[in-house]
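Working notes for the structure below.
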Amino acid sequence: MAAEVAAATAAHGGSFSRLESGSGVADADLVLTIIEDDAGPQPAAAPAPGDHATTDDNAILRGGCVPITRDGVVGEPEAAGEPEADESFRLSRDDGSVVVEAACDRGLLYGFFHVVRLGEAAFSGPDLVERHAPATAMRMLDHWDNVAVHAVMGQVERGYAGGSIFYDDGAVRADLSRVEAYARLLASTGINRVAINNVNVHAREARLLTDDLPHVARIAAAFRPWGIRVHLSVSFAAPMTLGGLDTSDPLDPAVADWWRDAADRVWAQIPDFGGFVVKADSEGQPGPFAYGRDHADGANMLAEAVAPHGGLVHWRAFVYDHRQDWRDRSTDRARAAHDHFAPLDGRFAENVIVQVKYGPMDFQVREPASPVLAAMPRTRVALELQVTQEYTGQQKHAVYLGRQWSEILDFDFTGPDSDGDADSASRIPSPTSVAGIVAPSGGIVAVSNVGDDEFWTGHPFAQANLYAYGRLTWDPAADAVGLLDEWISLTFPGAPADVVDALHTILDESWETYERYTSPLGVGFMVRPGHHYGPDVDGYEYTPWGTYHFADRDGIGVDRTVATGTGYAGLYPEPWASVYESLETCPDELLLFFHHVPYTHVLRSGKTVIQHIYDTHFEGVERVEEFVAAWERVLGSLSGDAMSDDDAARLAGRVSERLAEQRRSAIEWRDQINTYFYRKSGIPDEQGRTIF
Ligand code: GCU
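Residue numbers (full-length UniProt numbering): 1 to 692.
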């Protein structure tokens with residue numbers, strides 16, 4: 001058995017640390033040979049195929065940096081230093097052997113992982129020829145890691161998996177072996193870009209751009225063999241805070257010079273550096289507004305500095321007034337990104353990517369797709385997701401987000417039944433869907449959920465989110481439930497059927513379950529201010545943050561209609577503007593996002609809003625209780641051929657502890673929400689269940 005395959009399998013499967021000894025697919029005697037056709041030059045960033053070479057020849061990887069067409073015809077060599085190497089590969093089966101061919105090493109790497117993923121299945125069935133290519137070249141993860149431990153946020157902002165894998169003790173770690181393992185695991189899912197520090201750039205972290213560059217170069221070196229480029233979040237005020245200038249005005253030539261020099265220094269040390277991520281004029285971060293400039297002025301100045309190096313600027317669209325007067329019903333945070341950015345369409349440089357959160361608010365369990373994604377056809381836009389479970393249980397609750405992301409990626413701005421729907425057979429996203437808009441443009445970005453925790457992600461099941469995210473960036477049309485099952489089988493290879501069933505039962509419906517016991521019908525938030533964990537219905541109601549539910553004795557919800565509300569619904573193209581505007585057609589799950597209604601309003605499901613709130617909260621807890629029972633039933637089956645007693649005990653301990661907390665928290669949510677709305681409305685539960 002090839003050691004390299006075993007290693008890659010473990011990394012790939014997501015049993016990333018503790019459960020590695022299981023080995024699974026590696027047991028399938030999969031042996032790979034790489035034949036390097038050095039017919040063409042190798043891009044600097046590409047991994048060396050020899051990294052994985054072994055001697056037998058059950059599977060053959062063939063590559064060199066020469067294009068290979070679908071028919072296997074080798075064309076002209078690709079130019080060296082191409083910013084995006086060809087990542088595609090061709091898989092064929094020939095008399096029991098599997099052959100992977102790729103134009104570039106990057107393609108070989110992905111082909112290699114694909115064969116590992118298929119395991120035995122790669123070698124069985126009729127001979128075939130398949131070509132695989134990522135839907136988008138931009139498949140990125142953002143870490144919100146701080147170098148120093150932040151007084152309020154800890155080391156990783158919204159991190160629920162321990163400290164940072166990059167930094168320790170106020171500096172880049174001397175030992176980056178964990179980062180090397182991480183790079184391998186990300187590559188196995190398809191990720192090819194990583195931003196390594198928090199978008200809120202504090203004083204210590206700003207210096208990653210200057211003093212720490214040699215160490216950033218070490219991190220880049222750890223990622224490079226796995227085809228992953230490193231990016232840095234930078235502070236817009238850096239010319240002042242690091243450069244001693246008295247301004248950061250993007251139109252001031254001295255400021256532009258400072259950034260050009262900074263970029264030159266970065267690329268001198270890291271030739272394949274990806275670019276800068278910027279959170280500007282958002283939640284207190286500095287930006288161009290201070291100088292009367294707009295976001296295009298700010299982004300384009302940086303874009304010019306990085307352009308000679310082929311660099312990118314990811315400019316975040318998460319901009320809103322976080323000092324809003326809660327009495328003011330005309331300001332709507334949901335409108336803000338659209339109001340700021342849509343008018344700038346066409347003004348951003350080619351190497352600027354406007355990075356847009358999937359919903360108009362902030363990574364809630366349910367939000368409509370952000371209308372900004374459809375409003376900037378002349379701008380490169382990226383979709384931003386959140387793998388870290390800030391508002392979805394903080395990796396204490398088992399919540400598989402693959403289905404949420406699939407829904408967003410599939411959302412078609414031309415309507416639910418439009419002709420432009422994705423053709424699932426060809427796996428090409430409809431050009432008017434979210435995936436279809438961002439794939440050829442700015443791609444997909446997400447906030448990472450990884451830390452130095454022994455399971456990488458706090459809750460071992462949160463690894464499923466990391467896995468599904470990477471796989472969806474490669475193929476946004478992939479079936480999210482299929483990806484979940486893929487993760488289960490790769491992470492728990494050889495597990496008995498009852499264990500596999502239990503994992504599926506717990507995770508498959510976990511997103512809807514979380515939605516049931518938390519804030520209802522798309523209204524969002526109702527979390528404890530600051531840390532965002534656990535219920536607090538009015539926690540944000542009288543604050544400046546713009547996240548309100550407006551519940552009173554008669555009703556609840558935010559009127560975002562054009563007719564009587566903030567007009568947000570009108571920011572969508574038709575038919576969505578009308579669908580959301582109307583009480584009759586607005587989907588139930590988003591009703592309170594778009595409308596303020598009486599508690600007695602009858603949903604399309606036939607239930608009143610108040611009864612829906614009671615029912616879903618009781619059901620949500622019941623579902624969590626079923627999760628706990630399902631897990632307890634298989635505790636005795638975890639260890640066996642595929643998992644040592646030690647690994648099984650560690651896994652069981654962590655998962656059981658998390659499920660107990662999920663149950664406790666779900667009950668707390670149920671009782672606070674039900675009690676709150678019973679007291680507000682005075683309407684009893686039709687079923688007479690206990691409400692306090
Ligand atoms: C959320 C999150 C912050 C984060 C912000 C962002 O508001 O709570 O911690 O900084 O999103 O995306 O920039």
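In this text, a Cβ means the ideal position worked out from N, Cα and C, and glycines have one as well.
None of these values were measured; they are calculated from a predicted model.
Item	Value
Heavy atom of the ligand GCU within 6 angstroms of Val199 beta-carbon	yes
Simplified DSSP assignment, three categories, for Lys680	helix
Cβ-based burial, Ser605 [other Cβ within 10 Å; buried from 16]	exposed
Exposure label - Tyr514; buried when at least 16 CB within 10 Å	buried
Boundaries (first-last residue) of the alpha helix (DSSP H) holding His617	609-634
Alpha carbon of Pro529 to alpha carbon of Glu541, nearest angstrom	10 angstroms
Element boundaries [alpha helix (DSSP H), containing Asp501]	497-508
Check: Phe341 C-beta below 6 angstroms from any heavy atom of the ligand GCU	no
Leu691, DSSP secondary structure in three states	Checking the displayed sequence, the identity of residue 691 turns out to be Ile instead of Leu. In this structure, Ile691 counts as coil in the three-state DSSP scheme.
Reference Asp339, options Ser235, Ala203, Tyr572, Tyr599, closest by Cα	Tyr572
DSSP three-state assignment for Gly284, whether helix, strand or coil	coil
Glu82 (DSSP reduced to helix, strand or coil)	Unreliable placement is indicated for Glu82, whose pLDDT of 41 sits below 50; the coordinate value is still reported in the next sentence. Here Glu82 sits in coil by DSSP.
Near the ligand GCU: Asp321 beta-carbon under 6 angstroms from a heavy atom	no
Near the ligand GCU: Lys396 beta-carbon under 6 angstroms from a heavy atom	no
Buried or exposed by the 16-neighbour rule on C-beta atoms within 10 Å, applied to Gln611	buried
Best match in Tyr599, Ser665, Ala446 for proximity to Asp536 [C-alpha to C-alpha]	Ser665
Nearest-angstrom beta carbon gap, Ala299 and Phe348 [assumed within contact, 8 angstroms]	6 angstroms
Any 3 or more C-beta pairs closer than 8 angstroms across the region 634-650 and the region 581-594	no
Length at least 3, wholly inside the region 79-143: the beta strand (DSSP E) runs in chain order	89-94, 97-102, 129-132, 139-142
Helix, strand or coil at Val372 [DSSP, three-state]	helix
Proximal residues to Ala425 (C-beta, below 7 angstroms), its chain only, five neighbours per side dropped	For Ala425, the pLDDT reaches just 47, beneath the cut-off of 50, and the residue's location in the model is therefore unreliable, leaving the point undetermined.
For Asp559, the nearest candidate out of Gln386, Phe593, Val579 (CA to CA)	Phe593
Residue from Pro308, Leu385, Asp321, His314 whose Cα sits closest to the Cα of Ala296	His314
Anticipated Cβ contact below 8 angstroms, Val381 with Ser430, distance rounded	16 angstroms between Cβ atoms; not a contact.
Check whether Ala642 and Pro493 have beta carbons under 7 angstroms apart	yes
Cβ-Cβ separation, Gly311 to Gly274 (assumed contact under 8 angstroms), whole Å	7 angstroms
Three-pair Cβ contact test at 8 angstroms for the region 225-239 versus the region 197-204	yes
Rounded C-alpha distance that separates Ala337 from Gly567	14 angstroms
Asp281: CB within 6 angstroms of a non-hydrogen atom of the ligand GCU	no
Cut-off 8 angstroms between Cβ atoms - residues of its own chain near Asp325, not counting five sequence neighbours on either side	Thr331, Pro544
Local Cβ density within 10 Å of Arg184, reported as buried at 16 or more and exposed below that	buried
heavy atom of the ligand GCU below 6 angstroms from Phe618 C-beta	no
Every unbroken beta strand (DSSP E) within the region 429-512, with a cutoff of 3 residues, ordered by chain	444-447
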